[in-house]
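Going line by line, the protein sequences match chains A and B.
In my numbering, each residue carries its 1-based index in the first sequence increased by 2.
In my numbering, each residue carries its 1-based index in the second sequence increased by 9.
Note that the Cβ used here is the ideal one computed from N, Cα and C, for glycine as well.
Here the structure is a predicted model, which is why all the values come from computation and not from measurement.
Here is the structure we will look at.
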Amino acid sequence: DTGVSQNPRHKITKRGQNVTFRCDPISEHNRLYWYRQTLGQGPEFLTYFQNEAQLEKSRLLSDRFSAERPKGSFSTLEIQRTEQGDSAMYLCASIARRGYEQYFGPGTRLTVT
Amino acid sequence: GESVGLHLPTLSVQEGDNSIINCAYSNSASDYFIWYKQESGKGPQFIIDIRSNMDKRQGQRVTVLLNKTVKHLSLQIAATQPGDSAVYFCAEKRPRGSTLGRLYFGRGTQLTVWP
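Pasting the structure below:
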């Protein structure tokens with residue numbers, strides 16, 4: 003257990019529905035990343051927060067995706083109008099203020115039927 | 010596209026043997042590299058890291074070697090145990106100014122340890 007938690011761990015939804023995932027980073031970590039991982043692949047960067055500011059977004063993050071970190075602590079990732087191609091593991095990672103190492107949470111596995 | 014790749018998708022070793030997992034990267038500006046272990050259904054777990062100003066770093070039973078000349082990274086696991094069975098990813102971090110520290114991952118190598 004790295005200290006990063008994610009909820010829910012699994013989510014099954016029907017195509018077209020909206021889903022929201024939550025990440026709670028290690029409490030003193032000011033930097034937070036979201037990644038997406040599909041079967042057999044390494045994680046791919048989605049977006050990055052420093053405190054509450056979203057500083058970078060990948061081209062993978064279409065208009066249907068939005069992420070927030072309102073108080074610089076937990077973060078949410080919402081996917082609107084889900085598509086089958088959104089099925090993946092969504093991972094959250096956090097880093098301490100002067101650190102390099104990214105601590106990953108257990109991920110939320112999304113299945114869109 | 011992004012570019013941290015691995016030479017072998019699978020590696021099988023006998024318990025007690027040493028394992029070597031390789032990784033090639035393409036961005037010579039990358040300044041930090043990490044090896045992660047990922048067990049089924051779990052998030053990646055940090056194993057060991059190395060900065061670009063080093064060529065070798067040792068941990069407990071693991072060693073990472075960095076060859077910047079050929080842009081190659083390897084992870085050596087000594088006396089491999091069944092609990093080492095997992096997918097191993099290398100990841101590179103490009104300089105902060107360009108990418109704010111995000112990691113680029115390769116595809117992973119599945120290590121299987123048999124008795």
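Own chain, CB closer than 6 Å to residue i, minus 5 neighbours either side, in chain order
i, result
"R111 (chain B)", "none"
"A100 (chain B)", "I43, L112 and F114"
Cα-Cα separation between residue i and residue j, rounded to whole angstroms
i, j, result
"F76 (chain A)", "E54 (chain A)", "9 Å"
"L84 (chain B)", "Q19 (chain A)", "42 Å"
"R17 (chain A)", "K77 (chain B)", "46 Å"
"I97 (chain A)", "Y97 (chain B)", "20 Å"
"V79 (chain B)", "P72 (chain A)", "43 Å"
"T72 (chain B)", "S28 (chain B)", "10 Å"
"S61 (chain B)", "P53 (chain B)", "22 Å"
"G25 (chain B)", "Q119 (chain B)", "17 Å"
"R39 (chain B)", "P104 (chain B)", "The residue asked about is misnamed: residue 39 (chain B) is Ser in this sequence, not Arg. Approximately 6 Å between the Cα atoms of the pair."
"Q23 (chain B)", "C32 (chain B)", "21 Å"
"E110 (chain A)", "G101 (chain A)", "Glu is not the amino acid found at residue 110 (chain A); the sequence shown has Thr there. Distance between the alpha carbons of T110 (chain A) and G101 (chain A): 25 Å."
"Q67 (chain B)", "Q90 (chain B)", "18 Å"
"S21 (chain B)", "T121 (chain B)", "5 Å"
"W123 (chain B)", "Q47 (chain B)", "18 Å"
"Y41 (chain B)", "M91 (chain A)", "25 Å"
Cβ-Cβ distance between residue i and residue j below 7 Å
i, j, result
"R66 (chain A)", "Q82 (chain A)", "yes"
"G87 (chain A)", "F114 (chain B)", "no"
"V21 (chain A)", "G107 (chain A)", "no"
"Q39 (chain A)", "L93 (chain A)", "yes"
"R24 (chain A)", "Q52 (chain A)", "no"
"S68 (chain A)", "E80 (chain A)", "yes"
"Y50 (chain A)", "A95 (chain A)", "no"
Close-in-space but distant-in-sequence residues of the same chain around residue i (CB under 7 Å, 5 per side omitted)
i, result
"R70 (chain B)", "I86, A87 and A88"
"F1 (chain B)", "Because chain B spans 10 through 124 in this model, residue 1 (chain B) falls outside it and cannot be assessed."
"S94 (chain B)", "L120, T121 and V122"
Residues that residue i bridges to, as DSSP identifies them
i, result
"Q56 (chain A)", "A:F51"
"V122 (chain B)", "B:V22"
"V96 (chain B)", "B:Q47 and B:Q119"
"I86 (chain B)", "B:S28 and B:V71"
"S96 (chain A)", "A:L34 and A:Y105"
"I28 (chain A)", "Partner(s): none; I28 (chain A) has no beta bridge."
Cβ neighbours of residue i in the same chain (closer than 8 Å, five flanking residues each side left out)
i, result
"R11 (chain A)", "P108, G109, T110 and R111"
task: Anything in the stretch 42 to 62 of chain B with a Cβ closer than 9 Å to a Cβ of chain A? List those residues in chain order, please.
output: Listed by position along the chain: I43, Y45, Q47, G50, K51, G52, P53, Q54, F55, D58 and R60.
field: Contact set between the stretch 50 to 64 of chain A and chain B, restricted to residues whose Cβ is under 9 Å from the partner
entry: Residues of the stretch 50 to 64 of chain A with a Cβ closer than 9 Å to any Cβ of chain B, in chain order: Y50, Q52, L57, E58 and S60.
task: Could you run through the stretch 87 to 110 of chain A and flag, in chain order, every residue whose CB is less than 9 Å away from some CB of chain B?
output: Along the stretch 87 to 110 of chain A, the positions whose C-beta sits under 9 Å from a C-beta of chain B are M91, L93, C94, A95, I97, Y102, E103, Q104, Y105, F106, G107, P108 and G109, read in chain order.
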